Amino acid sequence: MVGRRSGEAGSPGRISVFEHGSKEPIAEFEARFRLPDATLRSAVGPPPTSRPSYAVDVAFGGSIAQLEDRDGDGVRELLVSSQAGWHGSAYVLSGLTLSLRSSVVVTPNDATVSDASIGDLNSDGKMEFLLALHGDPGGAVAVVGEGESREFLRWDAPTGTDGFGREGLRRALWLPALSRPNSPTVLVVEVPELGTQRAGCRVLSDAKLSSTHTPPFPSAERTVCDVVPIDDLDRDGVEDLVVLESSRVRTSEPVDGVLRVVSGGDLGRVLWMANFEAEDGGDAWVVTPVGDVDGDSTTDVGLLRRRVRDGHSAATVFSGRSGRLVGEFTL
Numbered sequence: 022m023v024g025r026r027s028g029e030a031g032s033p034g035r036i037s038v039f040e041h042g043s044k045e046p047i048a049e050f051e052a053r054f055r056l057p058d059a060t061l062r063s064a065v066g067p068p069p070t071s072r073p074s075y076a077v078d079v080a081f082g083g084s085i086a087q088l089e090d091r092d093g094d095g096v097r098e099l100l101v102s103s104q105a106g107w108h109g110s111a112y113v114l115s116g117l118t119l120s121l122r123s124s125v126v127v128t129p130n131d132a133t134v135s136d137a138s139i140g141d142l143n144s145d146g147k148m149e150f151l152l153a154l155h156g157d158p159g160g161a162v163a164v165v166g167e168g169e170s171r172e173f174l175r176w177d178a179p180t181g182t183d184g185f186g187r188e189g190l191r192r193a194l195w196l197p198a199l200s201r202p203n204s205p206t207v208l209v210v211e212v213p214e215l216g217t218q219r220a221g222c223r224v225l226s227d228a229k230l231s232s233t234h235t236p237p238f239p240s241a242e243r244t245v246c247d248v249v250p251i252d253d254l255d256r257d258g259v260e261d262l263v264v265l266e267s268s269r270v271r272t273s274e275p276v277d278g279v280l281r282v283v284s285g286g287d288l289g290r291v292l293w294m295a296n297f298e299a300e301d302g303g304d305a306w307v308v309t310p311v312g313d314v315d316g317d318s319t320t321d322v323g324l325l326r327r328r329v330r331d332g333h334s335a336a337t338v339f340s341g342r343s344g345r346l347v348g349e350f351t352l
């Protein structure tokens, strides 16, 4: 499964699902918004009977996460964050057909969505959306009930000169193992600072997300590029986290980086670490779970990189069990 943006100016972004080894998608979902109600249609569904005006979202697919199989069709659903010009949104799509299951929209005068996840954050037996927002000034975290349009819990990043997240937030991840009833714990990753391009993490907790502390990563000489959940590698009942760190970003110099997998139940416990090197700090890096590539019944970790010098993409796969190098592939 791949999330991608359209290469044509003004064309809608879309996500596509591929079978392993195939170059042709088996299903696609296109971010085409019908005006004035901004409803979505599926690219694999029947064509509209009329030709209404449409707005398109070229940033659709900013983040994609898998949920549990919630509709009983045997395939896990997808949670996709998106931002259109006037609002941010998050959508639950069927993993089998990519049809729309449910959605939440951040109001027009609010920030746009840079990341979304889902879980029962307030222990009421219902699912809530956890949204990382990119606003002006600063970023924010919002918790919105599924099917609702207004948040019931919100944390705004400080806007002072030394405030964390003043450039916005790029990730917000619920940590169920560290949460208590009606008191969620959330890990947030900030957008890199302008000029220095450094980024860090914070852990928010308690009923109003008002208690904050710094997790034991990144190390002092590194910056966080991304944090994503992965399967329960240490078998403690909760998903673990993959932390992507680099020595510097957006430069023309070679950089060294670290993949650090930490326990979702104890952020200070490192399951494994792997080092990598890139020729150009301006390369775009993405880390993602890639399934069981090496056949050891454990989800592996993929490091995807788009090289700025030639536009080509490459993938490096590390064993989810040990962090050893499984293979390198040119895409």
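Be aware that the sequence shown starts at 22, since it is given in this note's numbering, and climbs by one per residue.
From the three backbone atoms N, C-alpha and C, an ideal C-beta is built for every residue, glycine too.
Source: prediction; values computed, not measured.
Here residue 278 is actually not in contact with residue 245; their C-beta atoms are around 11 Å apart, not less than 8 Å. With fewer than 16 other Cβ atoms from the protein chains shown falling within 10 Å of its own Cβ, residue 173 counts as exposed.
Here the alpha carbon of residue 296 sits roughly 34 Å from the alpha carbon of residue 96. Residues of the same chain with a CB within less than 7 Å of the CB of residue 237, apart from the 5 flanking positions on each side, are 288 and 289 in chain order. Taking residue 48 as reference, the option from 99, 90, 189 and 249 with the minimal CA-CA separation is 99. A direct Cα-to-Cα measurement between residue 137 and residue 165 gives close to 11 Å. As far as DSSP is concerned, residue 214 takes part in no beta bridge. Cβ-Cβ separation between residue 254 and residue 176: approximately 29 Å, too far for a contact (criterion under 8 Å). Beta-bridge pairing by DSSP links residue 188 to no other residue.
Residue 251 sits close to residue 310, with the two beta carbons spaced by under 8 Å.
If you compare the alpha carbons of 203, 240, 242 and 209 with that of residue 227, the shortest gap goes to 203.
In this structure, DSSP gives residue 250 an extended state, which the three-state scheme calls strand.
Taking the Cα of residue 36 as reference, the smallest distance to any Cα among 351, 103 and 257 is reached at 103. In terms of Cβ geometry, residue 321 and residue 282 do not form a close pair [threshold 8 Å]. Counting only the Cα atoms, residue 323 lies some 28 Å from residue 124.
Listed in chain order, the non-local C-beta contacts of residue 284 below 7 Å within the same chain comprise 255, 257, 261, 290 and 292, local neighbours out to five positions each way being set aside.
Under DSSP, residue 202 shares a beta bridge with no residue.
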